[in-house]
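Numbering (our numbering), first residue to last: 438 to 838. Each residue gets a CB set at the ideal place from its N, CA and C atoms; glycine is no exception.
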Amino acid sequence: MDSGYLIECASLLLRWMHVIFAIAWIGSSFYFIWLDNSLKPPVDPELIAKGVGGELWAVHGGGFYNPQKYLLAPKKLPDELHWFKWESYSTWLSGFFLMSTLYYSQAGVYMVDANSVIQTPGAAVLVGITTLVIGWVVYDILCRVLFARSQLLFGVIYYAFVVLVGFVLCHLLSGRAAFLHVGAMIATTMSANVFFWIIPGQKKMVAAMRAGQTPDPIHGKRGKQRSVHNNYLSLPVIFCMLSNHYGFTYSGELPWLTLAIILLAAALTRHFFNLRHKGIYKWQYPLAGLALLAVVLVWHAPKALPAAQASAEPAKPAATTLADIRPIIDSRCIECHSEKPTKMPTAPNGLKFDTDAVVRANAPKIYQQVVQLKAMPLGNLTGITDAERAQIGRWFEGGAK
């Protein structure tokens, strides 16, 4: 397998892990699910009398902690109560503004390509925003209908819905935009859970206590359900948001199937950790997740030319030089990768191919993105041909002279 491709795969997985650890909202989600699954019934009669249903002793940063969870609510409302909500709201708002800046304002570049059914930027943006709304509505209906039923049944139906959305978007929009909007749809659902269900339920419980009433436990049950769902959806969202850096995931054949497999792998991995917090070790789940990821990586690996076919090819022409591919660079790449790009605000990744020295210095990247992965030009907006890709390949394989 090509070393450049293996480096790309490793970068994808490592960057994915890094973002998992870095996001504060998801970090708090992981922590509280771990806490819920790790609590033990108290043995102290005073705690039992107070209504504590579970407690945990932990040590961190040189200090000892004793978190306690009440069966319903404490008898007396504390003076200071911390709410976990702004992590969610700020994450969604910043993400939407970012997508509006990068994608919606440049939909003709990022959301439309030669293979997408939709060819007008305005229609592409409308599809993207509509997806966010429909995703939440369908999810919320499923939660209401299946609230008292099997959560496994809910998971299967919702996963099928997400795959269907991915299938449709991969036909309507560019693969890059399709993957991103599947992630944005799930992220919108997660934040909407906090805004419409978790926080309002908690406020109702607090209001009941202040009025001297016993809080209705249904609010806690509904909030817990949505919180657990958010926990399982976190890893799929992170992958979708990182996928735009890895063109091989969305530019190959059947991109919707690639997305479906990776999202399933992410959910299985999260399930392993949630069970592990309860002291249950089911190694088949992460192993299945790794197997699914391996299928995707091997499936999309650059295919070597069969020996029989290679021997049957005619003799190669004279060595291809930079002078031979310079017209291709100028007509297919320079609109974005230049000192003054016309398709982008700035050159992506700071790569500017105005000079021959820069082109030679970045020959491996050009070969990988243009020839092996065929991820560039983005959405093939400039209409590069297979013959031109092959010519760039001969230039690089001949020493990039």
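Quiz item: Helix, strand or coil: which one does DSSP assign to Val-496?
Solution: Residue 496 sits at position 59 when you count from the first residue of the sequence shown. Correct three-state label for Val-496: strand.
Self-check item: Paired residues, beta bridge with Gly-491 - DSSP
Solution: Here residue 491 is taken as the residue at index 54 of the sequence shown, counted from 1. Per DSSP, Lys-506.
Exercise. Flag this pair as yes or no: are the beta carbons of Leu-508 and Gly-488 separated by less than 8 Å?
Key: As a working mapping, residue 508 is identified with position 71 in the sequence shown. As a working mapping, residue 488 is identified with position 51 in the sequence shown. Their beta carbons are under 8 Å apart, which means Leu-508 touches Gly-488 by this criterion.
Practice problem: Could you give the DSSP three-state label for Arg-831: helix, strand or coil? | Solution: The residue you call residue 831 lines up with position 394 of the sequence shown. Reduced to three states, the DSSP call for Arg-831 is helix.
Quiz item: How would you label Val-574, buried or exposed, when you count the other beta carbons within 10 angstroms and need 16 or more for buried?
Solution: In the sequence shown, the residue the question calls residue 574 occupies position 137. Exposed: under 16 other Cβ atoms inside 10 Å.
Exercise. Determine the direct distance from the alpha carbon of Tyr-596 to that of Pro-558, and round the result to whole angstroms.
Key: Along the sequence shown, read from residue 1 onward, the residue named residue 558 stands at position 121. Along the sequence shown, read from residue 1 onward, the residue named residue 596 stands at position 159. Straight-line Cα distance between these residues: approximately 29 Å.
Quiz item: What residue from Tyr-687, Leu-569, Ile-578, Phe-833 has the CA that sits closest to His-608's CA?
Solution: One-based indexing of the sequence shown puts residue 608 at position 171. Here the closest residue by C-alpha is Tyr-687.
Quiz prompt | Of the listed residues Glu-776, Asn-786, Cys-770, nearest to Ile-829 (C-alpha basis) | solution = By one-based count along the sequence shown, residue 829 stands at place 392. The shortest C-alpha separation from Ile-829 is found at Cys-770.
Quiz item: In terms of residues, what are the limits of the alpha helix (DSSP H) holding Gln-639?
Solution: The residue labelled residue 639 in the question sits at position 202 within the sequence shown. Where Gln-639 is concerned, the enclosing alpha helix (DSSP H) stretches over 636-647.
Practice problem: Measure the alpha-carbon distance for Ile-635 versus Phe-521 and round it to whole angstroms. | Solution: Residue 635 sits at position 198 when you count from the first residue of the sequence shown. Residue 521 sits at position 84 when you count from the first residue of the sequence shown. Cα to Cα, the separation comes out at about 10 Å.
Quiz item: Hey, Ala-812 and Phe-685: beta-carbon distance below 8 Å or not?
Solution: The residue given as residue 812 occupies position 375 in the sequence shown. The residue given as residue 685 occupies position 248 in the sequence shown. Contact flag set, yes.
Exercise. Would you mind sorting Asn-668 into buried or exposed? The rule is 16 or more other CB atoms within 10 Å of its CB.
Key: Counting from 1 along the sequence shown, the entry for residue 668 is found at position 231. Buried is the call here.
Exercise. Using 10 angstroms around the beta-carbon of Arg-707, count the other beta-carbons present and answer buried if the total reaches 16, otherwise exposed.
Key: Stepping through the sequence shown from its first residue, residue 707 is reached at position 270. Burial call: buried.
Self-check item: Reduced DSSP secondary structure (H/G/I, E/B, other) of Phe-501
Solution: Mapped onto the sequence shown, residue 501 falls at position 64. Reduced to three states, the DSSP call for Phe-501 is strand.
Practice problem: Mind reading off the beta-carbon distance from Tyr-547 to Leu-539? Whole number of angstroms is fine, and I expect it under 8 Å. | Solution: Locating residue 547 in the sequence shown gives position 110, where the first residue counts as 1. Locating residue 539 in the sequence shown gives position 102, where the first residue counts as 1. Going by Cβ atoms, the distance from Tyr-547 to Leu-539 rounds to 7 Å, so yes, they are a contact pair.
Quiz item: Taking the Cβ atom as the reference point for each residue, do Cys-677 and Gly-592 lie within a distance shorter than 8 Å?
Solution: Locating residue 677 in the sequence shown gives position 240, counting from the first residue. Locating residue 592 in the sequence shown gives position 155, counting from the first residue. Cβ atoms of Cys-677 and Gly-592: not closer than 8 Å.
Quiz item: If you draw a straight line from the C-alpha of Val-456 to the C-alpha of Val-665, how long is it?
Solution: Position 19 of the sequence shown, counted from the first residue, corresponds to residue 456. Position 228 of the sequence shown, counted from the first residue, corresponds to residue 665. Confidence in Val-456 is poor, its pLDDT being 48 and thus under 50, which makes the residue's placement too unreliable to answer from.
Quiz item: Should Ile-655 go down as buried or exposed, given a rule of 16 or more other Cβ atoms within 10 Å for buried?
Solution: Residue 655 sits at position 218 when you count from the first residue of the sequence shown. Under this definition Ile-655 is an exposed residue.
Quiz item: Relative to the alpha-carbon of Leu-484, which residue among Gly-565, Pro-504, Gly-660 has its alpha-carbon at the smallest distance?
Solution: Locating residue 484 in the sequence shown gives position 47, counting from the first residue. Comparing Cα positions, the closest option is Pro-504.
Quiz item: With distances taken between CB atoms, is the gap from Ser-637 to Ala-645 smaller than 8 Å?
Solution: Working through the sequence shown from its first residue, we reach residue 637 at position 200. Working through the sequence shown from its first residue, we reach residue 645 at position 208. The amino acid occupying residue 637 in the given sequence is Pro; Ser does not appear at that position. Contact flag unset, no.
Self-check item: Exposure label - Asp-516; buried when at least 16 CB within 10 Å
Solution: Residue 516 sits at position 79 when you count from the first residue of the sequence shown. Asp-516 is exposed by the Cβ-count criterion.
Practice problem: Pull up the DSSP beta-bridge partners for Pro-477, would you. | Solution: Here residue 477 refers to the residue found at position 40 when the sequence shown is read from its first residue. It is Lys, not Pro, that sits at residue 477 in the sequence shown. According to DSSP, which records beta bridges pairwise, Lys-477 is partnered with Glu-492.
Quiz item: Of the residues Leu-493, Leu-759, Trp-529, Ala-731, which one's Cα is nearest the Cα of Pro-479?
Solution: Here residue 479 refers to the residue found at position 42 of the sequence shown. Among Leu-493, Leu-759, Trp-529, Ala-731, the Cα nearest to that of Pro-479 belongs to Leu-493.
Quiz prompt | Separation of Val-807 from Arg-797, as counted between CA atoms | solution = Counting from one through the sequence shown, the residue named residue 797 turns up at place 360. Counting from one through the sequence shown, the residue named residue 807 turns up at place 370. Approximately 14 Å between the Cα atoms of the pair.
Exercise. For my contact list, Val-795 and Lys-789 are in at a C-beta cut-off of 8 Å; report their separation, rounded to the angstrom.
Key: Working through the sequence shown from its first residue, we reach residue 795 at position 358. Working through the sequence shown from its first residue, we reach residue 789 at position 352. Indeed, because the Cβ distance is near 6 Å, the residues count as touching under 8 Å.
Self-check item: Ala-728, buried or exposed, once every other Cβ within 10 Å from all chains shown has been counted against 16
Solution: Here the question's residue 728 lines up with position 291 in the sequence shown. Exposed: under 16 other Cβ atoms inside 10 Å.
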